[in-house]
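K.L.:
Numbering (our numbering), first residue to last: 23 to 276. Backbone N, C-alpha and C define an ideal beta-carbon position, used for all residues, glycine too. Once you've had a glance at the structure underneath, I'll fire off some questions.
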Amino acid sequence: MNRKQTFTWALAIVAAGFLTQENAFAQEVPKPPKMTPEMTEFWEPEPRVVTPGLNNAAPSDAIVLFNGKYLAEWKAKADGAEAKWAVKNGAFTVGKGDITTKKEFGDFQLHLEWSAPDEVKGSSQGRGNSGIFLQDRYEVQILDSYQNRTYSNGQAASIYKQHRPLVNAMSKPAEWNVYDIIYTAPRFKEDGSLFSPARVTVLHNGVVVQNNVGIKGTTEYIGLPQYNAHGKAPISLQDHGNPVAYRNIWIREL
């Protein structure tokens, strides 16, 4: 046997030993147990109990922003004085100047019922106009859009000048409308730049009209939306010169 044959033979012996050890190691690795239903069942933490309200009443963990009697949770936006919008028959009507909640919010679920004036007057943006400003910056439009054509990203349940509603779910005149809004606040980096935009889902009279859309920035009548860093902020209702009525307003912090 020459030197080359000897070297090849030696390599073969080493390889055979290595493979033998490798096979032995593979045989020693335990097989995972057979999956059972219990392996994917988690019992903790247990969700806390919330008692739902009946007929759109506030659930047990909600903050009631209007109870049909007083505007104690609201103040005038201009100067922080007492909110002076008129309260009558379990509802309140838009008065002079915007009003805003005394409490500030981040992520939330908001329930609000509103009615355009029973007497139909005006057209387009001049008919039953008001607005809900999420965190005092991002508007969900209030407008009488029943057989009232206007620009689509400005009609009822639009994210004003940003997203038109998927459908027009407006109630007839003299009937109440219901908004249920699920809102995720924007997040900002330490340097104040945007990390993630605000997102919102809106149900208008039980119909999804905004499906987790990204808000592009502050609501602007003229110009483009933009973001400026902020934390928790109030909910505001707009005085647009039309006597829109509101009732049964509650919010759940998320």
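#1: Go through its chain and collect everything with a Cβ distance to Tyr-182's Cβ below 8 Å, but skip five positions before and after it.
#2: Under the DSSP definition of a beta bridge, which residues are partnered with His-185?
#3: Buried or exposed: Arg-70, going by 16 or more other Cβ atoms within 10 Å of its Cβ?
#4: From this set, Met-57, Ile-257, Asn-270 and Arg-274, which residue's C-alpha is nearest Arg-159's C-alpha?
#5: For Leu-87, count neighbouring C-beta atoms within 10 Å of its own C-beta (all shown protein chains included) and say buried if the count is 16 or more, exposed if not.
#6: Roughly how many angstroms lie between the CA atoms of His-262 and Ser-146, to the nearest whole one?
#7: With DSSP as the reference, please indicate the residues paired to Asn-199 in a beta bridge.
#8: In the DSSP assignment, the beta strand (DSSP E) including Trp-272 goes from what residue to what residue?
#9: Report all residues from its chain with a CB closer than 7 Å to the CB of Ala-105; omit the five preceding and five following residues, and keep chain order.
#10: Between which two residues does the beta strand (DSSP E) carrying Glu-161 extend?
P.N.:
In short, the structure shows the following:
#1: Gly-153, Glu-161, Val-162, Gln-163, Asn-175, Gly-176 and Thr-241
#2: Ile-181
#3: exposed
#4: Ile-257
#5: buried
#6: 13 Å
#7: Trp-136
#8: 267-275
#9: Leu-93, Trp-96, Lys-97, Ala-98 and Ile-121
#10: 160-164
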